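Q: Here the numbering used here is used: position 440 in the sequence shown is 440, and no number is missing along the way. Just passing along the structure, written as structure tokens.
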Amino acid sequence: MITDILNLAQTISFEKVPVSIYESAAGASKAVADEIATLIKAKQRKGEKAVLGLATGATPKKVYAELIRMHQQERLSFYNVIAFNLDEYYSLQPEALQSYRRFMEENLFNHIDIDKNNCFIPHGGTPAEMIKLHCEEYEKKIEECGRLDFQLLGIGRNGHIGFNEPGSHQNSVTRLITLDNITRLDAAYEFGNLANVPRKAITMGVGTILKSKRIVLLAWGERKAGVIKQAVEGPVTEFIPASYLQGHYNVEFVLDENAAAELTRKKTPWLTDEVEWSNGMIKKAVTHLSLNLNKPILKLTNNDYNENGLSSLLALYGQAYDINIEVFNQLQRTITGWPGGKPNADDSKRPERANPAKKRVLIFSPHPDDDIISMGGTFQRLVDQGHEVHVAYQTSGNIAVADDEAWRFIEFVKDYNNQFGIVNTESDKIYNEALSFLKIKKNGEKDTSALRRVKGIIRRGEAKNTCRFVGIPQEQVHFLNLPFYETGLVEKSPIGEADFKIITDLIEQIKPLQIYAAGDLADPHGTHKVCLDGVFEAVQRLKQKDFMKDCWLWLYKGAWAEWDIDLIEMAVPMSPDQVLKKRYGIFKHQSQKDGVVFQGSDSREFWQRAEERNWATAAVYNKLGLAEYEAMEAFVRWHY
Ligand code: F6R
Numbered sequence: 001m002i003t004d005i006l007n008l009a010q011t012i013s014f015e016k017v018p019v020s021i022y023e024s025a026a027g028a029s030k031a032v033a034d035e036i037a038t039l040i041k042a043k044q045r046k047g048e049k050a051v052l053g054l055a056t057g058a059t060p061k062k063v064y065a066e067l068i069r070m071h072q073q074e075r076l077s078f079y080n081v082i083a084f085n086l087d088e089y090y091s092l093q094p095e096a097l098q099s100y101r102r103f104m105e106e107n108l109f110n111h112i113d114i115d116k117n118n119c120f121i122p123h124g125g126t127p128a129e130m131i132k133l134h135c136e137e138y139e140k141k142i143e144e145c146g147r148l149d150f151q152l153l154g155i156g157r158n159g160h161i162g163f164n165e166p167g168s169h170q171n172s173v174t175r176l177i178t179l180d181n182i183t184r185l186d187a188a189y190e191f192g193n194l195a196n197v198p199r200k201a202i203t204m205g206v207g208t209i210l211k212s213k214r215i216v217l218l219a220w221g222e223r224k225a226g227v228i229k230q231a232v233e234g235p236v237t238e239f240i241p242a243s244y245l246q247g248h249y250n251v252e253f254v255l256d257e258n259a260a261a262e263l264t265r266k267k268t269p270w271l272t273d274e275v276e277w278s279n280g281m282i283k284k285a286v287t288h289l290s291l292n293l294n295k296p297i298l299k300l301t302n303n304d305y306n307e308n309g310l311s312s313l314l315a316l317y318g319q320a321y322d323i324n325i326e327v328f329n330q331l332q333r334t335i336t337g338w339p340g341g342k343p344n345a346d347d348s349k350r351p352e353r354a355n356p357a358k359k360r361v362l363i364f365s366p367h368p369d370d371d372i373i374s375m376g377g378t379f380q381r382l383v384d385q386g387h388e389v390h391v392a393y394q395t396s397g398n399i400a401v402a403d404d405e406a407w408r409f410i411e412f413v414k415d416y417n418n419q420f421g422i423v424n425t426e427s428d429k430i431y432n433e434a435l436s437f438l439k440i441k442k443n444g445e446k447d448t449s450a451l452r453r454v455k456g457i458i459r460r461g462e463a464k465n466t467c468r469f470v471g472i473p474q475e476q477v478h479f480l481n482l483p484f485y486e487t488g489l490v491e492k493s494p495i496g497e498a499d500f501k502i503i504t505d506l507i508e509q510i511k512p513l514q515i516y517a518a519g520d521l522a523d524p525h526g527t528h529k530v531c532l533d534g535v536f537e538a539v540q541r542l543k544q545k546d547f548m549k550d551c552w553l554w555l556y557k558g559a560w561a562e563w564d565i566d567l568i569e570m571a572v573p574m575s576p577d578q579v580l581k582k583r584y585g586i587f588k589h590q591s592q593k594d595g596v597v598f599q600g601s602d603s604r605e606f607w608q609r610a611e612e613r614n615w616a617t618a619a620v621y622n623k624l625g626l627a628e629y630e631a632m633e634a635f636v637r638w639h640y
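Here it is, written out as structure tokens:
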């Protein structure tokens, strides 16, 4: 008991709002859905209405799915619920594909017994001259219902809540706003491309939200980690509208581990609490100290440790020099130009085994270009060093091909047939079908299956071209076309047995000694994460087999982020020439150049993102006092 109190006293919080951190978004969503269900039921017992403020976007989907499950399996009724949504794009009609009205119907309202007359969402099609009145009435309706009992929020990467963009006033009410550039870029994925994203929206105000009796803000994934730190630990500022929530009397931020990663208690836990000095924690602390002070590790002094909250670590070792040298050596040993192991070398301190000198390697690439973008230098080295390298493209990537690109290829086949006198009625049929569809296709509309096939073939050709360029034979190139991906829409099906079987069968057929997979949890459209779950499930199923005992799983990250330096277990350097060669390999993906569909929020081309990231990784090693390389690709080993 006394120890507990002492521990409590030692815990220093930098957080200005209550924060709950869950291991996964699924667990967190369940807890939030439970809270909502409890509220609804309590109100039912009192014969009252439950007034909910609801959000759209990727974040709350699992909460809604859980509420639907409770309705279907546990008879949770929504008869007494009045729902007010935060916002709507202007000027989208309610029936538009990307409207929030449609989102709410598809993700919640159509599956529960809520009275649709009690579902309020700002009307995106309101004529300009009526907007002011429409917004006033929206506010009035909320007031008449006795204010919101519970407001669910997501957060934009720029800190917006609802569509209250940076600059919004604390007392703002429901109104028409202009969307921030970051918000539009993030929405570009849903709309196919940036040009299709509306420039305006109607949103509840910050003041409207703050009047709620209870507010729960959700955030998942490392893409939100930076803004979460600002909103939770930073000053209250109009530049981060979510920071206004610090002033609310009953608010909670519900996060998964990834969204919480930048909070002080996670990033530098020794500043908030007593920590156990495991090897991983020591590496994290020393690299952080070195980068923070802008001093190479070997130059860190006792004072540096003492003055930066690391006196307990210093006490453990006695001298800064001893800690420094230990961490420096560990980092040094992660660097290798032999990702498949160095033949005839002492491998006791190397990331990979020397034997067998020639290994079978299986690279899983979620989309047809992730292999070359994220680990192109390593891919090339593995091939050049004589390993038998296989690549498995997990999805067709067909939704990311622009319509005019497909049109060009369909036309090519038609012209080719004409020129060579080939009569092919099937390709004529596809041509005519695709063309007539393309002429009437709406923004974001699902492609016909023929058109999707054409787009898939385009990406397949590009991947084959890259493999030829790197130097592996066609029989080592595997196109898995995982079924979960083939919806033709941004929204994918859940991964299932058919997907697991395809991945498992391939691993069993190849019996690799090394597997590489995209360990990227920051992918804005989630496909990488699903593909990774597929690989994890397959290795779990196979791990008792003999061949798997020697199979090591290495994770690379996709184009958006890099592993934290203290986690990296293998860093493969690249020379300037190797960087250039990798760039040419990425260029083979012609359909993904120049304003690609579903660009996400990063307007750089893929080769630029890859190079900047690989330079940055090398620069971090160098800043820590290790050798200066042009670029580096980094991997973490996954023990299963
Ligand atoms: C949605 C809304 C927005 C989103 C935010 C996060 O109704 O008002 O504030 O909550 O942009 O979006 P996702 O969840 O897609 O990351």
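All C-beta atoms in this analysis are idealised placements derived from N, C-alpha and C, irrespective of residue type, glycine included. Keep in mind that this is a model prediction, so the values were computed, not measured.
Whole angstroms are fine: how far does the CA of Asn-443 sit from the CA of Leu-52?
A: 31 angstroms
Q: For a minimum of 3 consecutive residues, which ranges assigned as the beta strand (DSSP E) are wholly contained in the segment 168-227?
A: DSSP runs (the beta strand (DSSP E)) wholly in the segment 168-227: 175-178, 200-203, 215-219.
Q: For Asn-481, collect the residues of the same chain with a Cβ closer than 6 angstroms to its Cβ; drop the 5 residues on either side in sequence, then sort them by chain order.
A: Cβ neighbours of Asn-481 beyond the five flanking positions: Ser-396.
Q: Using the beta carbon as the reference atom, which residues fall closer than 5 angstroms to any heavy atom of the ligand F6R, ordered along the chain?
A: The set of residues with CB atoms less than 5 angstroms from any heavy atom of the ligand F6R reads, in chain order, Ala-55, Thr-56, Gly-57, Ala-58, Thr-59, Leu-86, Asp-87, Gly-154, Gly-156, Gly-162.
Q: In angstroms, rounded to a whole number, what distance separates the CA positions of Gln-394 and Val-32?
A: When the Cα atoms are used, Gln-394 and Val-32 turn out to be separated by approximately 33 angstroms.
Q: DSSP beta-bridge partners for Asp-256?
A: Tyr-22
Q: Buried or exposed: which applies to His-639, given that a residue is buried once 16 or more other Cβ atoms fall within 10 Å of its Cβ?
A: So His-639 counts as exposed.
Q: Among the candidates Glu-23, Phe-150, Asn-302, whose CA atom is the shortest distance from the CA of Arg-214?
A: Phe-150
Q: Quick check on DSSP: helix, strand or coil for Leu-153?
A: strand
Q: In the segment 224-310, which residue ranges form an unbroken beta strand (DSSP E) of at least 3 residues, counting only runs that do not cross its ends?
A: 251-256
Q: Measure the beta-carbon distance from Thr-448 to Phe-437 and round it to whole angstroms, keeping in mind my assumption that it falls under 8 angstroms.
A: 5 angstroms
Q: I need the DSSP call for Pro-524, collapsed to helix, strand or coil.
A: A caution first: Pro-524 carries a pLDDT of 49, below 50, which makes its placement in the model too unreliable to give a value.
Q: Around the C-beta of Pro-524, are 16 or more other C-beta atoms found within 10 angstroms, so that it is buried, or is it exposed?
A: Any reading at Pro-524 needs caution, since the residue's pLDDT is 49, under 50, leaving its predicted position unreliable; the model's value is listed next. Its Cβ being crowded by 16 or more others within 10 Å, Pro-524 is buried.
Q: For the alpha helix (DSSP H) holding Asn-622, just list the boundary residues, first then last.
A: 606-623
Q: Between Glu-326 and Ile-282, what straight-line distance do the alpha-carbon atoms span, to the nearest angstrom?
A: Cα to Cα, Glu-326 sits roughly 10 angstroms from Ile-282.
Q: Within the continuous alpha helix (DSSP H) that includes Asn-118, where are the two ends?
A: Segment: none, Asn-118 is in no alpha helix (DSSP H) and carries neither H nor E.
Q: Measuring only the C-alpha atoms, how far is Lys-623 from Ser-493?
A: 44 angstroms
Q: Would Lys-429 be called buried (16 or more neighbouring beta carbons within 10 Å of its own) or exposed?
A: exposed
Q: I believe Ala-434 touches Val-454 by the beta-carbon criterion, under 8 angstroms. Please report the beta-carbon distance rounded to the nearest angstrom.
A: 6 angstroms
Q: Whose C-beta lies closer than 7 angstroms to the C-beta of Ser-24 among residues of the same chain, with five residues either side of it excluded?
A: Asp-256
Q: Using the Cα positions of Ala-50 and Phe-109, report the straight-line distance between them to the nearest angstrom.
A: 15 angstroms
Q: Just to check my reading of the structure: Ile-410 and Ala-610 have Cβ atoms closer than 8 angstroms, yes? What is that Cβ distance to the nearest angstrom?
A: About 30 angstroms separates the two Cβ atoms, so there is no contact after all.
Q: As a quick exercise: from Arg-101, Ala-37, Gly-488, pick the residue whose alpha carbon is nearest that of Lys-116.
A: Arg-101
Q: Since Leu-210 and His-248 should fall inside the 8 angstroms C-beta cutoff, what is the C-beta to C-beta distance between them, to a whole number of angstroms?
A: 6 angstroms
Q: Name the residue from Trp-563, Ala-26, Ala-219 whose alpha carbon lies nearest to the alpha carbon of Trp-554.
A: Closest option to Trp-554, Cα to Cα, is Trp-563.
Q: Judging by CA-CA distance, which residue of Ile-112, Met-104, Arg-175 is the nearest neighbour of Ile-131?
A: Arg-175
Q: Does DSSP classify Glu-630 as helix, strand or coil?
A: For Glu-630, the secondary structure class from DSSP, reduced to helix, strand or coil, is coil.
Q: Checking 8 angstroms against the spacing of the C-beta atoms, do Glu-106 and Ser-99 come in under that value?
A: No; because the gap between Cβ atoms is not below 8 angstroms, this pair is not in contact.
Q: With a floor of 4 residues, list each alpha helix (DSSP H) that falls wholly inside the segment 499-557, ordered by position along the chain.
A: Complete alpha helix (DSSP H) runs here, min 4: 527-542.
Q: Within the same chain, show all residues whose beta-carbon is closer than 7 angstroms to that of Asp-371, passing over the 5 residues directly before and after it, in chain order.
A: Ile-363, Ser-365, Phe-379, Val-391
Q: Tell me the DSSP bridge mates of Phe-364?
A: Ala-392
Q: Could you name the residues of the same chain whose beta carbon sits closer than 7 angstroms to that of Asn-306, not counting the 5 residues immediately before and after it, in chain order?
A: Leu-314
Q: Mind reading off the beta-carbon distance from Val-361 to Pro-512? Whole number of angstroms is fine, and I expect it under 8 angstroms.
A: Cβ-Cβ separation between Val-361 and Pro-512: approximately 6 angstroms, consistent with a contact (criterion under 8 angstroms).
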